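Undergrad: Structure below; questions to follow.
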Amino acid sequence: MPVDRNVLPPLREPTALTFPSIEREMLPNGVRLCTIAHDQPGLVNLVVLLRAGSATDPSGYEGLAGLTASLLDEGCAKYSTVDLHKALGDIGGRLSTDVFSDATVLSITVLERHLVAALDLLVEVATSPRFSDEAVRRVRTLRLSRISQLRHSGASVADRVFRRGVYPSHPYGHAPIGTEIGLTAIDQAQLRAFHTAQYAPDRWTVFAGGGSDSSGLRAVVTERIGRLPTASLASRSDLNAPPMDPESAPGRLLFVPREGAVQSEIRVGLLGVSRHVEGYEALKVMDMVLGGQFESRLNLNLREAKGYTYGVRSSFDARCGRGPFVVQTAVDASVTAAAIKEVIREVTDIRELRPVTDDELDVARSALTRGFPRNFETAGQVVVAAMRLELFGLPDDEYTTFIPRIVKVDRDAVTTAAQRHLDPAGLLTVVVGPPDVRASLCDLGFGEPLTATD
Amino acid sequence: MLDIEYTKVTLDNGLDVIVHEDHGCPIVAVNVWYHVGSKNERPGRTGFAHLFEHLMFEGSAHHQSGYFRPLQEAGGTLNGSTNMDRTNYWEVVPRDALDRALWMESDRMGHLLPALTQDKLDNQRDVVLNERRQTYENRPYGFAWMALLAAHYPSPHPYHWPTIGFPDDIRAASLTDVQEFFSLYYHPANASLVIAGDVNTDEAIAVATDHFAQLAPGTLSGPVTASLDRMPGTQYLRLNDRVELPRLYLSWPSAALFGDHDAELDLAADILASGKSSRLYRALLHDREIATDVSVHQASSELSGIFSIVVTAAPGHTLSDINVVVADEIRRMQSDGVTDEEFMRARNRMEADFAWQCQSVGGFGGVSDQLNAYNVFAKTPGFFETDWNRYKYATPGSICEAITRLLTPETEVALSIVPQKNADAALPESELLEMR
Numbered sequence: 000m001p002v003d004r005n006v007l008p009p010l011r012e013p014t015a016l017t018f019p020s021i022e023r024e025m026l027p028n029g030v031r032l033c034t035i036a037h038d039q040p041g042l043v044n045l046v047v048l049l050r051a052g053s054a055t056d057p058s059g060y061e062g063l064a065g066l067t068a069s070l071l072d073e074g075c076a077k078y079s080t081v082d083l084h085k086a087l088g089d090i091g092g093r094l095s096t097d098v099f100s101d102a103t104v105l106s107i108t109v110l111e112r113h114l115v116a117a118l119d120l121l122v123e124v125a126t127s128p129r130f131s132d133e134a135v136r137r138v139r140t141l142r143l144s145r146i147s148q149l150r151h152s153g154a155s156v157a158d159r160v161f162r163r164g165v166y167p168s169h170p171y172g173h174a175p176i177g178t179e180i181g182l183t184a185i186d187q188a189q190l191r192a193f194h195t196a197q198y199a200p201d202r203w204t205v206f207a208g209g210g211s212d213s214s215g216l217r218a219v220v221t222e223r224i225g226r227l228p229t230a231s232l233a234s235r236s237d238l239n240a241p242p243m244d245p246e247s248a249p250g251r252l253l254f255v256p257r258e259g260a261v262q263s264e265i266r267v268g269l270l271g272v273s274r275h276v277e278g279y280e281a282l283k284v285m286d287m288v289l290g291g292q293f294e295s296r297l298n299l300n301l302r303e304a305k306g307y308t309y310g311v312r313s314s315f316d317a318r319c320g321r322g323p324f325v326v327q328t329a330v331d332a333s334v335t336a337a338a339i340k341e342v343i344r345e346v347t348d349i350r351e352l353r354p355v356t357d358d359e360l361d362v363a364r365s366a367l368t369r370g371f372p373r374n375f376e377t378a379g380q381v382v383v384a385a386m387r388l389e390l391f392g393l394p395d396d397e398y399t400t401f402i403p404r405i406v407k408v409d410r411d412a413v414t415t416a417a418q419r420h421l422d423p424a425g426l427l428t429v430v431v432g433p434p435d436v437r438a439s440l441c442d443l444g445f446g447e448p449l450t451a452t453d
Numbered sequence: 000m001l002d003i004e005y006t007k008v009t010l011d012n013g014l015d016v017i018v019h020e021d022h023g024c025p026i027v028a029v030n031v032w033y034h035v036g037s038k039n040e041r042p043g044r045t046g047f048a049h050l051f052e053h054l055m056f057e058g059s060a061h062h063q064s065g066y067f068r069p070l071q072e073a074g075g076t077l078n079g080s081t082n083m084d085r086t087n088y089w090e091v092v093p094r095d096a097l098d099r100a101l102w103m104e105s106d107r108m109g110h111l112l113p114a115l116t117q118d119k120l121d122n123q124r125d126v127v128l129n130e131r132r133q134t135y136e137n138r139p140y141g142f143a144w145m146a147l148l149a150a151h152y153p154s155p156h157p158y159h160w161p162t163i164g165f166p167d168d169i170r171a172a173s174l175t176d177v178q179e180f181f182s183l184y185y186h187p188a189n190a191s192l193v194i195a196g197d198v199n200t201d202e203a204i205a206v207a208t209d210h211f212a213q214l215a216p217g218t219l220s221g222p223v224t225a226s227l228d229r230m231p232g233t234q235y236l237r238l239n240d241r242v243e244l245p246r247l248y249l250s251w252p253s254a255a256l257f258g259d260h261d262a263e264l265d266l267a268a269d270i271l272a273s274g275k276s277s278r279l280y281r282a283l284l285h286d287r288e289i290a291t292d293v294s295v296h297q298a299s300s301e302l303s304g305i306f307s308i309v310v311t312a313a314p315g316h317t318l319s320d321i322n323v324v325v326a327d328e329i330r331r332m333q334s335d336g337v338t339d340e341e342f343m344r345a346r347n348r349m350e351a352d353f354a355w356q357c358q359s360v361g362g363f364g365g366v367s368d369q370l371n372a373y374n375v376f377a378k379t380p381g382f383f384e385t386d387w388n389r390y391k392y393a394t395p396g397s398i399c400e401a402i403t404r405l406l407t408p409e410t411e412v413a414l415s416i417v418p419q420k421n422a423d424a425a426l427p428e429s430e431l432l433e434m435r
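As you go down the protein sequences, you meet chains A and B in turn. So the first sequence is residues 0 to 453, counted in numbering that gives the first Met the number 0. So the second sequence is residues 0 to 435, counted in numbering that gives the first Met the number 0.
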C-alpha cells in the first residue's frame with residue numbers, strides 16, 4: 000500500500016541494550032584477561048591495554064610513551080624489523096600501537112585460523128623489543144620530521160596551540176608524538192626503563208572477542224598469554240594515577256599568523272571534565288544540543304544558516320583526568336571574527352539566555368538512546384567498549400544502564416551542566432589564519448590578540 | 000570463502016531493491032546509489048554532482064526543513080559522498096525505524112525539487128566552497144590529486160576535473176541547472192537501494208515497495224564514454240606549496256575497476272608498500288633513510304584507473320634521489336618478478352581486509368555499500384566471490400606482467416610538490432603548475 004506522504008512514520012521505543020558478559024580472570028603471571036561473549040565468525044580481536052600514555056611522559060621527555068610504542072615493531076628478541084613484518088604478513092595481520100593521553104593500546108585483528116600466531120606475535124613485540132641504536136635513531140628522526148611537517152597544517156597548529164594554552168605545564172599539554180626537545184632528549188636507557196616499568200605483565204589487561212566460539216577463544220588466549228613470565232617484584236609498582244587537575248586559566252585569544260592561508264582554523268574551549276564527573280549524562284545531552292551532532296545549535300548557525308564553514312562541532316574529551324572541551328571549525332578567512340563571535344555566543348547563551356528547549360532535549364535524548372545499540376555492532380567495537388570500562392574503572396553494567404540514565408536527564412540538569420562546565424570568562428580562543436585577519440580580532444572583547452608561535 | 004546472501008528485485012519503475020539479512024545487532028542499514036558522478040558533468044559546469052549531493056540533505060516536498068533531524072532523533076547516523084562515477088547516501092537506524100529511513104530517502108528521490116529554493120542553493124554553495132578550502136586549498140599537498148587527474152586526462156575527458164569542481168563553476172551553478180540535473184539523474188531507474196541488517200527480507204521488500212513503487216520512472220541517459228588522447232612520454236610537473244618536505248607522485252594510467260590487471264595492481268601496490276617488509280618501505284625508509292613515508296595505490300574507476308607511488312623525501316634529500324631508487328625497484332620487480340612469499344602475504348592481507356569490510360552492515364564500505372557497488376558496477380550484487388577470485392587466482396607471474404605492461408615511461412606523470420624555498424628538490428625540468 001502506497002505510503003502516506005503527509006505523515007512521517009512515528010518513533011518507536013528505544014531498543015534496550017544488554018552489553019555482552021565479560022569473563023574476567025587473573026592469570027598466575029599477573030595478566031588480567033577479559034573475554035567478551037560477542038561471537039562474530041571470521042575475525043578475532045585482541046587488545047592489550049596498558050595504563051600508561053603520553054601523560055606518563057616525564058617532563059622534558061615528552062614523547063617517551065609514543066616513541067616506546069613505535070619501536071615495538073622495530074625488532075624484538077626473535078625477529079628483526081623486516082622479519083617481524085613478514086611474519087605479520089604471513090597471517091594477514093595488521094598490528095596497531097596507539098598511544099593516548101592515559102593509555103597505550105596494542106591491538107591486532109586477524110582471521111580466526113591465525114589466532115595462535117597472532118597471539119604469539121603480540122606477546123613477542125610487547126615483551127621483547129630490542130630498542131637498538133639504529134632503530135631508535137631512525138624512528139626518532141621520522142617522528143621529528145613528522146612534527147616539522149605538522150607545522151604546515153593549520154589544523155594541527157591550532158590543535159597544538161590550544162592544547163598548550165589549556166594545559167601549560169601539565170602532561171595533557173602535549174600530544175603523544177611529543178615535542179622536539181623531548182624526543183631529542185630521550186635515550187635508549189630511558190626507553191628500556193619505561194618499557195620495563197610500564198609493560199610488565201602485571202600491568203596488562205588483555206581483551207579478546209569475536210570469532211565463532213568465545214569459550215574456545217578464552218582457552219587459547221589463556222594458554223598463550225599464560226606463558227608470559229611473571230613480573231619481577233622489582234618492576235611492580237602502583238598504577239599511574241591520573242594527572243592532577245591543572246589550574247583554570249582566564250579567557251584569552253591567541254593568534255598564529257599563517258601566510259597565504261585561505262581559511263582560519265578556530266578552536267574555542269577550556270578545561271573540561273574527567274570521565275568521572277558528576278552529571279556526565281546531562282553534560283552529554285547538553286553537548287549534543289550545542290555541537291555534538293549535525294543538527295546542533297553551532298552547526299545550524301555557522302554552516303546551515305550562514306555558510307561560514309563546512310562544519311563545526313563541539314566535544315568534551317572526558318579522560319582519566321580533566322580533558323579539554325573544544326569547539327572546532329575552519330572558516331573562510333573573511334568571516335573569522337564573525338564566526339568566533341557566533342561560537343562564543345552559542346556557548347554563552349545555552350547557560351542562561353537561551354537554555355535548552357523541550358524540543359531540543361527530546362531530540363538529543365532520543366538520538367543518544369535510540370542510536371546507542373549501533374555502537375556495539377562489531378566485535379571490534381564491543382572489545383574497545385569493554386576496554387574503556389577498564390580504563391575508566393566503570394562498572395560492567397555501564398552500557399546496559401546508559402539508556403535509562405539518559406532518559407532521566409531533564410532541562411534543569413542540562414542547564415546546570417552548561418552553567419557548571421562552560422564558563423565564558425575562561426574560554427581560550429585560538430586562531431590560525433592569514434596575517435590580515437589580526438586587526439578584526441581586536442573587537443572580540445579580549446583586547447589586542449596575543450600572537451602565539453607554534 | 001565469502002557468502003553474502005541477498006535477494007534482489009527490480010520494481011516496475013526500474014529501481015533495484017536488494018536485501019541482506021544480518022540479525023547480529025538490532026539495526027538496519029539503508030544505502031542508495033545514484034549512478035551519477037562528476038564524469039557526468041561538462042567543462043564549465045564542474046562540481047555539480049557533489050554540490051547536488053549537499054542539496055539532497057536540505058529537505059524535500061513533504062519534509063522541507065532538513066534531512067538530518069528526523070533520522071537523528073530516530074537514533075540514526077547518516078552521510079553521503081560523491082566521486083567521479085557515483086553518488087551514495089546511507090543511513091544506519093534502529094531496525095524499527097526502517098520505514099522512516101525509507102520515507103525520507105523516497106521523498107528526496109521523488110520529490111526534491113518543490114522544496115529546493117535559491118536560499119538553500121546559495122547557502123550550500125558557500126558550504127561547498129569552504130569544504131574545498133578545508134580539504135584541498137588550505138591543506139599541505141592538497142592540490143596533488145587534482146594536478147594528476149588533469150595531466151592524465153586531458154580535457155574534455157570527463158575525469159579531467161576534480162569531483163569538488165572549480166570555484167568559478169560552483170559559483171555559477173543556477174537553480175535551473177539543479178532542476179535539470181535532478182530530472183536527468185535522480186530517478187528510480189538510475190538508482191539502487193540496499194537494505195541490510197536486522198530485517199525480514201519479504202517485509203523489507205514490501206516496505207520498500209510501499210515507499211518507492213509510485214515514484215515516476217525516469218529515462219536513463221547512455222553511459223559516459225571517453226577516449227584518451229595524450230602525447231606519449233613522461234610528463235614532469237611541479238607545484239610549489241607551503242610544505243616542509245618535498246613529495247614525489249609517480250603515476251600511470253592503469254586498469255579500470257574490475258578490468259584486466261586491476262586486482263594484480265592492488266597486489267603489486269601491497270607488495271611495494273604495505274608494511275615495513277615491503278619493497279619500497281625497506282629501500283627508502285629502512286635501508287637508505289631517504290624518505291619519511293611511502294604509499295602505493297591502485298585507484299580504479301569505471302572508465303580507467305591511476306596507479307600511483309607517493310613518497311615524501313627525508314630532510315636533506317631531493318626527489319631525484321627518491322626517483323632513482325623507486326625506478327630501480329620497479330625495474331627489479333619487472334625483471335625478477337615477485338616471490339611466492341610476497342604474493343601470499345599480499346593475498347592474506349586482502350583476505351583479512353575483505354573480512355574486515357564485511358563486519359558492518361552500514362556506512363561507507365560496509366556490506367550494504369559493497370552490495371550496491373557490485374550491483375552498479377558489475378551489474379549484480381552477487382559479486383563477492385567473483386571479486387575475491389580475482390585475487391585468489393592471481394599469480395606472481397600475472398602481477399609481474401601487469402606492472403611490466405603498465406608501468407612504462409611512455410605514460411608516466413611525475414609530479415613534484417616542493418616547498419617554495421626549496422624548488423630545487425623537484426625532478427629536473429618539471430613544468431610549474433598553477434592550481435586554482
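Heads up, the beta-carbon is just placed ideally off N, CA and C, and yes, glycines get one too. As the structure is a prediction and not an experimental result, all values here were calculated from the model.
1) Residues of chain B with a CB under 7 Å from the CB of Tyr-309 of chain A: which are they?
2) Taking 8 Å as the cut-off, does the region 372-381 of chain A touch the region 239-255 of chain A (at least 3 CB pairs, one atom from each stretch)?
3) Within a Cβ cutoff of 6 Å, which residues of the same chain sit near Ala-384 of chain A, ignoring the five residues on either side of it in sequence?
4) Report the residues of the region 229-252 of chain B with a CB closer than 8 Å to any CB of chain A, ordered along the chain.
5) Using a Cβ cut-off of 8 Å, which residues of the region 51-74 of chain B contact any Cβ in chain A, in chain order?
6) For Ser-276 of chain B, go through chain A and note every residue whose CB falls closer than 7 Å to its CB, in chain order.
7) Under 8 Å, with one C-beta from each stretch per pair, do the region 402-415 of chain A and the region 363-379 of chain A reach the 3-pair mark?
8) Rounded to whole angstroms, what is the Cα-Cα separation between Arg-68 of chain B and Glu-294 of chain A?
9) Skipping 5 residues on each side, what residues in its chain have a beta carbon closer than 8 Å to that of Gly-74 of chain B?
10) When you compare the CB positions of Ser-415 of chain B and Leu-283 of chain B, do they come within less than 8 Å of one another, or not?
11) Between the region 373-397 of chain A and chain B, which residues of the former have a C-beta closer than 8 Å to a C-beta of the latter?
12) With a threshold of 8 Å between beta carbons, is Asn-39 of chain B in contact with chain A?
13) In chain B, what lies closer than 7 Å to Asn-5 of chain A by C-beta?
14) Any beta carbon of chain A sitting closer than 8 Å to that of Glu-350 of chain B?
15) Provide the residue(s) that pair with Thr-308 of chain A in DSSP beta bridges, ordered along the chain.
16) Which residues of the region 13-37 of chain A have a Cβ closer than 8 Å to any Cβ of chain B? Give them in chain order.
17) Please list the segments of the alpha helix (DSSP H) lying wholly inside the region 342-416 of chain B, counting only runs of 4 or more residues, in order along the chain.
18) Can you tell me whether Gln-71 of chain B is helix, strand or coil according to DSSP?
19) Spatial neighbours of Thr-80 of chain A within its chain, please: CB distance less than 8 Å, with the 5 preceding and 5 following residues excluded, ordered by chain position.
20) In this structure, does DSSP put Lys-283 of chain A in helix, strand or coil?
21) Look at Arg-99 of chain B and Leu-7 of chain A and say whether their C-beta atoms are less than 8 Å apart.
22) Less than 8 Å separating the beta-carbons of Thr-328 of chain A and Ile-402 of chain A?
23) What does the Cβ neighbour count give for Tyr-171 of chain A, buried or exposed, with the cut at 16 atoms within 10 Å?
24) So, do the region 207-216 of chain B and the region 265-273 of chain B have three or more beta carbon pairs nearer to each other than 8 Å?
25) Relative to the alpha-carbon of Ser-155 of chain A, which residue among A:Pro-448, A:Val-429 and A:Thr-450 has its alpha-carbon at the smallest distance?
26) Can at least three beta-carbon pairs, one atom from the region 203-219 of chain A and one from the region 25-40 of chain A, be found at a separation below 8 Å?
27) Consider the Cβ of Val-413 of chain A: report whether some Cβ of chain B lies at a distance smaller than 8 Å.
28) Assuming Tyr-33 of chain B and Tyr-184 of chain B form a contact by the criterion Cβ under 8 Å, report the distance between their Cβ atoms to the nearest whole angstrom.
29) Kindly give me the distance between the Cβ atoms of Pro-426 of chain B and Ala-413 of chain B, rounded to whole angstroms, as I take these residues to be in contact under 8 Å.
30) At a threshold of 7 Å, does Arg-23 of chain A count as lining the ligand ZN (C-beta to nearest heavy atom)?
31) Decide if the region 254-267 of chain B is in contact with the region 381-400 of chain B; the criterion is three or more beta carbon pairs, one per stretch, under 8 Å apart.
32) Considering only C-alpha positions, which residue in the set A:Ala-207, A:Cys-319 and A:Thr-347 is nearest to Glu-24 of chain A?
33) Cβ closer than 8 Å: which chain A residues qualify as neighbours of Asp-95 of chain B?
34) Along chain B, which residues have their Cβ under 8 Å away from the Cβ of Met-0 of chain A?
35) Which of helix, strand or coil does DSSP assign to Gln-39 of chain A?
36) Taking the beta strand (DSSP E) that Gly-129 of chain B belongs to, which residues open and close that run?
TA: On the basis of the data shown:
1) At a C-beta separation below 7 Å, Tyr-309 of chain A has these neighbours in chain B: Val-126, Asn-129, Glu-130 and Gln-133.
2) With the cut-off at 8 Å, the region 239-255 of chain A and the region 372-381 of chain A do not touch.
3) None.
4) Within the region 229-252 of chain B, the qualifying residues are Arg-241, Val-242, Glu-243 and Leu-244.
5) Taking 8 Å as the cut-off between beta carbons, the residues of the region 51-74 of chain B near chain A are Ala-60, His-61, His-62, Gly-65, Phe-67, Arg-68, Pro-69, Gln-71, Glu-72, Ala-73 and Gly-74, in sequence order.
6) Residues of chain A passing the Cβ test: Val-81, His-84, Lys-85 and Gly-88.
7) Verdict: yes, contact present.
8) Their backbone Cα atoms lie some 6 Å apart in a straight line.
9) If we look at Gly-74 of chain B and ignore the five residues flanking it on each side, its Cβ neighbours are Val-92, Pro-93 and Ala-96.
10) No, these two residues do not count as a Cβ contact at 8 Å.
11) With the criterion set as a beta carbon lying under 8 Å from some beta carbon of chain B, the members of the region 373-397 of chain A are Arg-373, Phe-375, Glu-376, Thr-377, Ala-378 and Gly-379, in sequence order.
12) Asn-39 of chain B does not count as touching chain A.
13) Neighbours of Asn-5 of chain A across chain B, judged by C-beta separation under 7 Å: His-61.
14) Look at Glu-350 of chain B: its C-beta is under 8 Å from a C-beta on chain A.
15) DSSP lists A:Val-330 as the bridge partner or partners of Thr-308 of chain A.
16) Against chain B - using a Cβ distance shorter than 8 Å - the residues of the region 13-37 of chain A are Pro-13 and Thr-14.
17) Whole alpha helix (DSSP H) segments, 4+ residues: 366-376, 383-391 and 395-405.
18) Here Gln-71 of chain B carries a helix assignment [DSSP, helix/strand/coil].
19) Closer than 8 Å at Cβ, skipping near neighbours: Asp-72, Glu-73, Gly-74 and Ala-134.
20) Note: Lys-283 of chain A maps to helix in three-state DSSP.
21) Yes, they are a contact pair.
22) Not a contact, by the Cβ cut-off of 8 Å.
23) So Tyr-171 of chain A counts as buried.
24) Here the region 207-216 of chain B does not lie against the region 265-273 of chain B, with fewer than 3 beta-carbon pairs under 8 Å apart.
25) It is A:Val-429 whose Cα lies nearest to the Cα of Ser-155 of chain A.
26) These segments touch.
27) Val-413 of chain A does not count as touching chain B.
28) Contact annotation, Tyr-33 of chain B with Tyr-184 of chain B: C-beta distance approximately 6 Å; criterion of less than 8 Å satisfied.
29) For the sequence presented, residue 426 of chain B should be read as Leu rather than Pro. Beta-carbon to beta-carbon, Leu-426 of chain B and Ala-413 of chain B are separated by about 6 Å, close enough to satisfy the 8 Å threshold.
30) Among the components of this structure there are no ligands whatsoever, and the ligand ZN is therefore not found.
31) Taking a contact to require three or more Cβ pairs closer than 8 Å, the region 254-267 of chain B and the region 381-400 of chain B qualify as touching.
32) Cα-wise, what sits closest to Glu-24 of chain A is A:Ala-207.
33) Neighbours of Asp-95 of chain B on chain A, chain order: Arg-11 and Thr-14.
34) Going along chain B in sequence order, the residues near Met-0 of chain A (Cβ under 8 Å) are Asp-209.
35) The DSSP-derived three-state label of Gln-39 of chain A is strand.
36) Sequence check: residue 129 of chain B is Asn here, not Gly. No beta strand (DSSP E) holds Asn-129 of chain B; the alpha helix (DSSP H) holding it covers 117-131.
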